[in-house]
Amino acid sequence: MPLTDKSINRKKATDKEQWISLGGGCYLVIAKAPRNSKRFVGKTRIPNSKGKLYSVPLGSWGKDINDPLEVINKWDEMKKWGKENKTDLRKYGERLILRKSLKTLDEVFGLFLQHKSKHIKPNTYTTIKNRLNQILKYLPDGILIDEFAGYEGTQLI
Numbered sequence: 010m011p012l013t014d015k016s017i018n019r020k021k022a023t024d025k026e027q028w029i030s031l032g033g034g035c036y037l038v039i040a041k042a043p044r045n046s047k048r049f050v051g052k053t054r055i056p057n058s059k060g061k062l063y064s065v066p067l068g069s070w071g072k073d074i075n076d077p078l079e080v081i082n083k084w085d086e087m088k089k090w091g092k093e094n095k096t097d098l099r100k101y102g103e104r105l106i107l108r109k110s111l112k113t114l115d116e117v118f119g120l121f122l123q124h125k126s127k128h129i130k131p132n133t134y135t136t137i138k139n140r141l142n143q144i145l146k147y148l149p150d151g152i153l154i155d156e157f158a159g160y161e162g163t164q165l166i
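For the sequence shown, position 70 (counting from the first letter as 1) is numbered 79 according to my numbering, and the numbering increases by one without interruption.
Pasting the structure below:
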């Protein structure tokens, strides 16, 4: 039986924290500690299906969420986003503020070498420059630094 507004409001906190399943890894957590708090939490393994379960806070009842269907829809949307982007769901809030850089890896290496040249000996500078050039040989020309972000970047490396 799905939870309704009335049934959530009637639930009282006990000494022990209560986890009430809403289905699909979404839970209503009722705790006595911070003034009878009622919050929603999702539990998942996305993006690593064999990984450890982790909790994703979804919001508090009455403050962030006023309808149980709202939290279930939000949780489903988060899971879909996580699977598509192969990303940890705790980063869902950051999805809209991701700033794409137009810098290439070659430019970043150049800036790094420029900074390092003031702090190291000439022989060390030459060694670092040669190592970075070896890395660039194995990557496509003009690859953007943002292509190394997230799960896809890890796979590329």
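Positions of the beta carbon are idealized from the N, C-alpha and C atoms, including for glycine.
Checklist entry - Is it buried or exposed for threonine 53, if we count other Cβ within 10 angstroms and need 16 for buried? => result buried
Next on the checklist: Could you check whether the stretch 36-47 touches the stretch 67-76, counting it as contact only if at least three pairs of C-beta atoms, one from each stretch, sit closer than 8 Å?
Outcome noted: yes
Checklist entry - Between threonine 8 and isoleucine 152, which are expected to be in contact by the criterion C-beta below 8 Å, what is the C-beta distance as a whole number of angstroms? => result Given that the chain is displayed from residue 10 to residue 166, the structure contains no residue 8 and the question cannot be resolved.
Checklist entry - So what does isoleucine 81 bridge to, in DSSP terms? => result According to DSSP, which records beta bridges pairwise, isoleucine 81 is partnered with nothing at all.
Checklist entry - Is the stretch 121-140 touching the stretch 83-90, taking contact as three or more C-beta pairs under 8 Å? => result no
Next on the checklist: For a test of the three-state rule: what should DSSP assign to leucine 37, helix, strand or coil?
Outcome noted: strand
Checklist entry - How long is the line joining the alpha carbons of threonine 135 and serine 110, rounded to whole angstroms? => result 27 Å
Checklist entry - Can you tell me the Cα-Cα spacing of methionine 10 and glycine 162, whole angstroms? => result Annotation note: pLDDT 48 at methionine 10 (below 50); position unreliable, no value reported.
Checklist entry - If lysine 125 sits next to isoleucine 144, beta carbons under 8 Å apart, how far is it from one beta carbon to the other, in whole angstroms? => result About 15 Å separates the two Cβ atoms, so there is no contact after all.
Checklist entry - Mind checking whether lysine 25 and leucine 37 have CB atoms under 9 Å apart? => result 9 Å or more divides the Cβ of lysine 25 from the Cβ of leucine 37.
Checklist entry - Within 10 angstroms of its Cβ, does leucine 98 collect 16 or more other Cβ (buried), or is it exposed? => result buried
Next on the checklist: Buried or exposed for tyrosine 160, going by 16 or more other Cβ atoms inside 10 Å?
Outcome noted: Exposed, by the Cβ-count rule.
Checklist entry - Cα separation between tryptophan 90 and tyrosine 101? => result 8 Å
Checklist entry - What three-state label does DSSP hand serine 69 in the structure shown? => result strand
Item to check | Range of the contiguous alpha helix (DSSP H) that encloses arginine 5 | outcome: Here the chain covers residues 10 to 166 and nothing more, so residue 5 does not appear.
Next on the checklist: My assumption, with CB atoms under 8 Å, is that proline 77 sits in contact with leucine 120. Please give the rounded CB distance.
Outcome noted: Wrong, their Cβ atoms sit about 50 Å apart, outside the cutoff.
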